[in-house]
Structure formats: structure tokens, C-alpha cells
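According to the working numbering, the sequence shown is numbered sequentially starting from 2.
These notes concern the structure reproduced below.
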Amino acid sequence: MWSDADLNLPTASNVMSRNFSYFGCSSKLRLGFLIATLASIFAFYYLFIAVRTVPLELIHYQNLLKEFSTKDNTCNVPRLDPWDPSILKYYSEPGPLKCKEVQPEVVRLENGVLKISEDYKFSATCQYRSFRHYSGVSDSDLFYGNWTEIDPKAGRKVEKDEFMEVECTRKGLIPVTFYKYHFHQIVPVKKSIEASSVDHPSVLMFGLDGLSHSNMIRQLPLTHTLMQKMGFVDFNGHVKVADNTYPNWVAILTGKQGTKMTDFANELPDDLHMFYDDFPMIWSNFSDAGYATFFAEDRPDMGTFNYEGCCGFKFRPTDHYFRPFWMASYWTMVSSRSSPFCYNAEPKHMTQLRYLQEFIDKYQGKRTFALQWSQDMSHDYLNLIGSADMDYKAFFKANEAKWDDTIVIFFSDHGQRYDKIRETLVGRLESRLPYLSIRIPPKLKEKYPHLQENLMKNAERFTTHYDTHATLAQIATGNFTEASLPSTPQRAYSFFQPHPAKRTCQEARIPKDYCPCYNELELKAEDAVEPAHHLLSFINNRLSRAETLLNFKCLQLSLNSITASTVELPPDQLIKDRHVDGVVSAGLTISYHISLQAQPPSNAVLEGTVVKDLETGEWKVTGEIERNNKYGNTSHCVSDRSLKKMCHCI
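Okay, here's the thing in C-alpha cells:
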């Protein structure tokens with residue numbers, strides 16, 4: 002056996018004598034030793050003991066997400082697989098859209114002349130009247146001209162009328178009206194429109210409501226493949242800035258936030274029952290720069306600026322505005338008898354495309370700005386838009402040569418908000434990632450090579466609708482000179498200028514509820530019951546508080562089922578960084594994102610975020626409440642935008 006002396010280990014007496022000898026030094030050294038000792042103890046606790054205070058609930062989730070955790074606060078927008086196994090059961094390939102003819106073609110419009118078909122020239126009497134937007138009065142009222150008879154032989158010239166209503170009656174003792182139809186054409190405006198040029202290209206914004214990046218690939222493969230061949234650049238990290246169409250459109254068209262949210266205040270009036278003529282819409286920039294302007298959307302019952310009591314535009318907002326046509330035709334007997342998504346024998350999306358095509362043709366060589374928007378087949382349906390794939394492909398193919406002077410932007414506002422795909426984590430992420438693809442005309446690329454270079458770089462980065470507005474604003478100025486990256490973070494950057502490699506949702510003004518950059522773990526329904534009840538309790542309390550101030554009554558909601566649930570963790574470095582572990586563990590929270598369905602008669606599918614304080618155990622609902630199914634007129638008793646989503650009037 003070896004003794005302590007043989008091993009040269011310090012004995013107790015040696016230690017004591019050394020310590021006493023040390024403490025015999027000067028008072029400054031003694032003070033220094035005490036400080037160093039205390040610092041060592043604190044460091045040991047900070048680095049090792051404090052880590053153990055991280056709640057097991059968080060550690061459990063964190064371990065499950067290790068391979069997906071972010072490295073910093075930078076937004077790492079997920080690259081989703083359009084064919085992810087978790088969503089395949091929600092995908093279907095739609096068949097062709099078939100439109101039955103509910104009435105014969107009695108009158109046709111050819112080159113500005115209404116002509117009666119040969120079969121009806123002698124058996125029918127036809128008349129027409131023009132109609133237009135009732136500017137100065139309302140966006141939903143029409144101003145009609147007088148009825149004028151159509152000559153059965155020569156027809157009737159209508160080259161000055163953009164929209165026409167025609168009706169025909171059978172000749173006989175008792176005339177019977179058997180034909181009613183509406184026609185449209187582009188009548189070029191009288192104001193001076195400048196010629197397009199390399200520095201002042203035309204702009205076409207081609208939009209489909211509720212189309213995610215992934216669903217574009219799934220549902221419109223023919224169009225998408227052609228676009229790739231034409232030189233379109235797909236944006237792989239494009240993020241919506243709000244829940245539904247209106248605030249996302251306001252971001253694109255004005256560069257400002259149009260609705261109030263928990264994270265950010267609104268920058269424009271956020272009231273129902275108002276006109277939007279005073280909003281700084283981007284089409285005004287183009288109009289001031291000598292452009293002819295065009296705006297068409299195909300659902301007058303749910304127009305972006307007319308939905309839920311919004312008044313739209315008191316005056317016609319653009320040179321060519323398609324809303325009057327749909328206001329006149331949408332609720333007619335012909336429309337109601339037509340096949341779904343059809344106006345008589347023609348698909349409605351083709352009716353609007355013909356209007357757009359004529360705008361392109363009649364202003365060829367001139368500066369134009371067009372905003373084409375379709376909601377009809379994509380707003381409520383995940384898979385139906387595929388029925389238009391061949392039509393969209395044909396439209397893009399036919400105009401490829403005509404777009405030598407045109408920047409084309411194919412875009413959406415958000416992904417699918419209503420379909421059952423939202424029950425999956427991938428589906429919820431898709432709803433945050435709308436489609437965006439841009440094509441620069443060849444001559445513009447040749448003159449300014451940096452535009453295409455920056456476009457391709459930025460297509461792989463985190464971008465938003467505010468960036469789309471910044472890009473449009475730059476195009477309207479005609480200034481494409483190269484610029485350097487600003488030294489301080491900006492809300493918006495033009496796609497043609499450098500973007501920062503690292504960017505956060507906060508910097509981009511993306512509310513946390515719609516930020517796709519946090520790690521999320523899908524939960525089983527039984528693991529989400531507690532946060533679901535907290536979410537419903539919050540909603541019911543909010544409705545009850547509002548009822549005491551206003552004259553209405555809402556049903557108290559009860560939980561029927563949990564349709565989707567995830568837990569959301571803070572960025573990985575906030576937990577793993579040893580220098581902040583103690584601070585984080587003291588106020589650590591985790592977020593549960595819950596989608597639930599209330600019991601009948603409400604049946605509301607509501608979605609929200611519930612935050613749990615892991616130190617105190619307290620729960621708090623944050624952000625906006627989303628409504629993920631249609632509610633029709635069940636919330637008729639309230640006018641508040643947010644309460645409408647939740648209230649079932651009783």
C-alpha cells in the first residue's frame with residue numbers, strides 16, 4: 002500500500018497550513034481571493050445548476066426537434082415538399098370544367114358591333130343598353146343607358162361602350178323575352194398613354210386567390226412547366242403578412258399595414274363601411290407615369306374591397322375596371338342556371354381572361370399596368386383550380402411574344418385557408434407560403450444584368466408582400482440603377498436590389514401568428530386538450546365582454562374536436578446558449594397552436610395560439626383568432642371584423 006506521502010498528495014495539515022499561510026498575505030490579496038472564489042461558485046451554478054431548471058416539458062419537445070432546430074434568430078423559411086406523404090390524401094386531380102349551354106347564341110359582339118345571329122334575324126327583336134360604374138355614387142351600383150334596338154341586318158355599333166346588356170324577345174302576338182346576356186370589350190381611354198420602353202416596361206400582375214407555392218406545382222403543372230421555360234423565377238421563401246386577402250393585398254398595393262394586429266398597429270384606416278379611394282394604391286403611381294391601368298376580379302359577392310360591408314371605390318379606381326360586368330351578370334337567371342363556375346357556355350375565368358387579352362392587344366406597345374385576380378375556383382377549393390391549367394397555359398403561350406416589354410408577376414395572397422389540408426402541419430405551413438414567380442423581359446435584363454442576378458438571389462431568401470410593393474414602386478419610377486444594401490434593416494426591399502442574407506419576421510413586419518420560421522412539432526389531439534380549452538375560454542370571454550357593450554348575443558362555444566395542434570418552441574439558441582440559459586429558464590414559455598371545431602350549431606373551425614408560462618403554469622392567448630371554415634350569415638349581428646369570425650348570433 003502506498004501512503005499519502007508516496008503519492009505526493011496534499012494532506013489535511015498541508016492544506017490547512019497553505020491556506021493559513023495564504024490568508025496571511027495583504028488585505029488586497031485576501032479580497033481578491035474572496036471575489037475569485039465567489040465568481041467561481043456563481044459560474045459553476047450558472048453553467049451547470051441553472052441548466053437543470055429548464056422544464057422537462059420543454060426539454061422533451063426540444064429533443065424531438067433537435068435535427069430541425071434553427072441556429073439563430075434568422076428566419077429559415079421551410080422548403081416544403083409538394084408531395085409530402087402527410088398531405089397526399091387531400092390531393093386529387095380535377096377533371097375538365099364542362100359548361101352547358103343554357104341559352105343559344107342569339108347575339109354576338111364582333112369588332113365593336115352587336116350582331117344578331119342568322120337564325121334569329123327574322124324571328125326575334127333585340128335591344129341593348131350600355132352600363133358602367135356609377136362613379137361618385139357607389140361601387141355596387143350601375144349607371145345604365147337607354148335601350149336601343151339592334152338592327153337585324155346591320156347590327157349596332159357600340160365601339161364607345163365597354164359593357165352592354167342585351168335582351169331579345171320572340172316576335173308574335175305575345176312577345177316573350179327568351180334571351181339575356183352581357184358583353185364586354187376594351188375601349189381605349191382618351192387620355193395620353195406613353196409608349197412602353199426598356200426603362201418603362203408594362204406590368205402584368207396575374208393572381209389566384211389562396212394558391213400556395215406547393216399547390217401551384219401540384220395543380221397547375223402545365224402552366225408551371227411552361228413558365229419555367231419562359232424564364233420565370235419562382236420565389237421559394239415568400240411569406241404572407243396577414244391572414245386573409247385584404248391585408249395581404251393592402252401590403253402589395255400600398256406597402257402599408259391595413260389591419261390592426263397584436264404585434265403591429267395598422268397604418269391605414271381599418272374600418273368597415275368606408276371607401277378606399279384615398280388609399281395610396283400602386284396603380285396611381287403607374288397612372289401618373291403615363292400607364293393605362295386595369296383591375297379585374299371575378300367574385301363581386303366577395304370582392305377584396307367589397308366584402309363584409311366594405312364599400313369598395315366610390316370612383317372607378319383604374320382606367321378599365323371589370324366589377325361592373327360581374328355586378329350586372331353574376332346574379333342573373335342565366336348565371337344561376339349555368340354550370341358551376343360558368344357563365345352560360347363559357348368558364349368564368351375565360352370570360353375575364355378575354356377581357357384581359359383585349360386589354361393587352363389594344364394597348365400593345367403602350368405602357369400598361371394590369372391586376373388580374375381570380376377567386377372563383379381557388380378560394381374555397383384546394384384541388385379545383387387544376388381544371389383551368391390548360392387555359393392558363395394557353396394564355397401564357399399565346400402572349401409570350403407580346404411580353405417582350407412586360408414584367409409579369411404571377412402571385413397569390415396566401416395558401417389555402419379553408420380546406421382540410423389545414424389539419425396537417427404541412428398544410429398550415431403552406432397557408433403561410435403563397436406562390437410568387439416573376440419574369441423580366443429580355444431587353445431589360447440585357448440593359449441591367451443586375452436585375453436578374455438579384456432576382457435569382459432573392460428568390461432563395463425570405464421575402465414578403467411588402468417587398469412586392471417596393472418592387473412595383475421601383476418599376477413605376479423607371480429607375481433601375483444598381484443600389485447597395487441599406488446599412489440598417491428595412492421592412493421592404495425591391496426584388497431587383499440586394500436583400501439581407503439574414504432577416505427576421507419582426508424586421509419584415511410579419512406577425513408571429515403567420516411567421517413560418519419557428520420549429521413546430523405536431524401533437525396528438527389528446528395532448529392538446531388543455532390548451533384547446535384555454536383557447537375556447539378566451540373566445541367565450543371575449544364574446545361575453547363585447548355583448549355587454551353592444552346590442553347582440555353570441556352562442557357560447559363548446560369543444561367538439563381538435564382538428565390540428567402543434568407546439569412551437571423558441572429559436573434553439575435561446576435555450577442552448579450557455580450564456581443565456583439562466584435568463585431564459587426564468588421566463589420560458591412555449592406556444593401551442595390549436596385548430597379546433599366547436600360543437601353545433603356553430604361548427605366554427607377556429608385557430609389560435611395559446612402560450613404557457615413554464616415557470617408559473619399560467620396560460621395566455623396571443624395574436625389573432627383565425628376562422629378556417631365559411632360562416633355565411635351566422636355572424637350577421639356583429640360588424641367588428643374579428644368578432645365576426647367567432648360569433649354565432651342567437
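Using N, Cα and C, we set each Cβ at its ideal position, and we do this for glycine too.
Going by C-alpha distance, which of the options is nearest residue i?
{"i": "Y467", "options": "V188, Y182, N249 and T126", "result": "N249"}
{"i": "T352", "options": "D392, A605, N267 and D320", "result": "D392"}
{"i": "Y449", "options": "H183, L426 and I476", "result": "I476"}
{"i": "N147", "options": "K349, F164 and Y129", "result": "Y129"}
{"i": "R642", "options": "D320, T260, K349 and I422", "result": "T260"}
{"i": "S388", "options": "R546, T224, D264 and F412", "result": "T224"}
{"i": "G633", "options": "D302, I410 and C169", "result": "D302"}
{"i": "D299", "options": "R317, A329 and D390", "result": "A329"}
{"i": "L426", "options": "H649, S596, A346 and H134", "result": "S596"}
{"i": "D140", "options": "K444, K631, L536 and F316", "result": "F316"}
{"i": "R418", "options": "S566, N630 and V188", "result": "N630"}
{"i": "K191", "options": "E268, K446, M231 and D320", "result": "D320"}
{"i": "R219", "options": "C343, K230 and D390", "result": "D390"}
{"i": "I626", "options": "S131, W404 and L537", "result": "L537"}
{"i": "I187", "options": "E160, P176 and S203", "result": "E160"}
{"i": "L558", "options": "T505, A502, L209 and I651", "result": "I651"}
{"i": "Y1", "options": "Q104, A346, W284 and Y308", "result": "Here the chain comprises residues numbered 2 to 651, so residue 1 is not present and cannot be evaluated."}
{"i": "Q598", "options": "E454, E424 and I175", "result": "E424"}
Given this structure, state the Cα-to-Cα distance separating residue i from residue j, to the nearest angstrom.
{"i": "G310", "j": "S488", "result": "43 Å"}
{"i": "L273", "j": "F306", "result": "10 Å"}
{"i": "C638", "j": "Y247", "result": "22 Å"}
{"i": "A395", "j": "G479", "result": "30 Å"}
{"i": "A415", "j": "C127", "result": "A quick correction: the sequence has His, not Ala, at residue 415. Using only the alpha carbons, I get a separation of about 45 Å."}
{"i": "S339", "j": "I511", "result": "42 Å"}
{"i": "F296", "j": "A399", "result": "21 Å"}
{"i": "G609", "j": "L437", "result": "26 Å"}
{"i": "V581", "j": "F207", "result": "Note that V581 has pLDDT 34, beneath the 50 cutoff, so the model's placement of it is unreliable and the number below is only indicative. Near 47 Å, if we compare the C-alpha coordinates of F207 and V581."}
{"i": "L81", "j": "R429", "result": "11 Å"}
{"i": "D614", "j": "I591", "result": "7 Å"}
{"i": "Y1", "j": "Y494", "result": "With the chain running from 2 to 651 in the structure shown, residue 1 is simply not present."}
{"i": "L434", "j": "F411", "result": "14 Å"}
{"i": "I386", "j": "P95", "result": "8 Å"}
{"i": "R504", "j": "C518", "result": "11 Å"}
{"i": "L544", "j": "M282", "result": "35 Å"}
{"i": "H183", "j": "E163", "result": "11 Å"}
{"i": "A44", "j": "E569", "result": "Interpretation of A44 is limited by its pLDDT of 49, a score under 50 that renders its predicted location unreliable; the figure taken from the coordinates is listed afterwards. The straight-line gap from Cα to Cα measures roughly 30 Å."}
{"i": "Q491", "j": "V530", "result": "40 Å"}
{"i": "D271", "j": "R546", "result": "21 Å"}
{"i": "A346", "j": "R109", "result": "13 Å"}
Which partner residues of residue i appear in the DSSP bridge assignment?
{"i": "D235", "result": "S438"}
{"i": "D414", "result": "Answer by DSSP bridge pairing: none, since D414 is not bridged."}
{"i": "G310", "result": "Paired residues: none, contrary to the question."}
{"i": "Q104", "result": "In DSSP, Q104 forms no bridge with anything."}
{"i": "Q373", "result": "F207 and A297"}
{"i": "Y180", "result": "C169"}
{"i": "H201", "result": "The partner list for H201 (beta bridge, DSSP) is empty, contrary to what the question assumes."}
{"i": "V622", "result": "V611"}
{"i": "R130", "result": "E166"}
{"i": "V568", "result": "L522 and Y593"}
{"i": "E627", "result": "E608"}
{"i": "T482", "result": "Paired residues: none, contrary to the question."}
{"i": "S562", "result": "Q598"}
Start and end of the alpha helix (DSSP H) containing residue i?
{"i": "Q600", "result": "Q600 -> no alpha helix (DSSP H), and no H or E assigned at all."}
{"i": "H451", "result": "P450 to N459"}
{"i": "G428", "result": "L426 to R433"}
{"i": "Y331", "result": "From DSSP, Y331 is part of no alpha helix (DSSP H); its letter is neither H nor E."}
{"i": "Q220", "result": "H214 to Q220"}
{"i": "K645", "result": "R642 to M647"}
{"i": "F396", "result": "D390 to N400"}
{"i": "D289", "result": "I283 to D289"}
{"i": "M351", "result": "K349 to K363"}
{"i": "P83", "result": "Premise fails: P83 is in no alpha helix (DSSP H) and is neither H nor E."}
{"i": "W250", "result": "T246 to T255"}
Looking at the secondary structure, which residues open and close the beta strand (DSSP E) in which residue i lies?
{"i": "Y467", "result": "No beta strand (DSSP E) contains Y467, which is instead part of the alpha helix (DSSP H) from H466 to T478."}
{"i": "V114", "result": "V114 to I117"}
{"i": "Y655", "result": "The structure shown does not extend to residue 655, since the chain is modelled only from 2 through 651, so no value can be given for it."}
When you compare the CB of residue i with every CB in chain C, is at least one pair closer than 7 Å?
{"i": "H637", "result": "As a matter of chain content, chain C is missing from the structure shown, which is built from one protein chain."}
Inset, instruction - Count the C-beta pairs between the segment 141-157 and the segment 101-116 that are closer than 8 Å, then say yes if the count reaches three, no if not. - result: yes
Inset, instruction - Taking 8 Å as the threshold, find out whether the segment 333-346 comes into contact with the segment 234-247 through three or more Cβ pairs. - result: no
Inset, instruction - Decide if the segment 194-213 is in contact with the segment 360-377; the criterion is three or more beta carbon pairs, one per stretch, under 8 Å apart. - result: yes
Legend entry - Inter-stretch contact at 8 Å, needing at least 3 Cβ pairs: the segment 233-244 / the segment 454-472: yes
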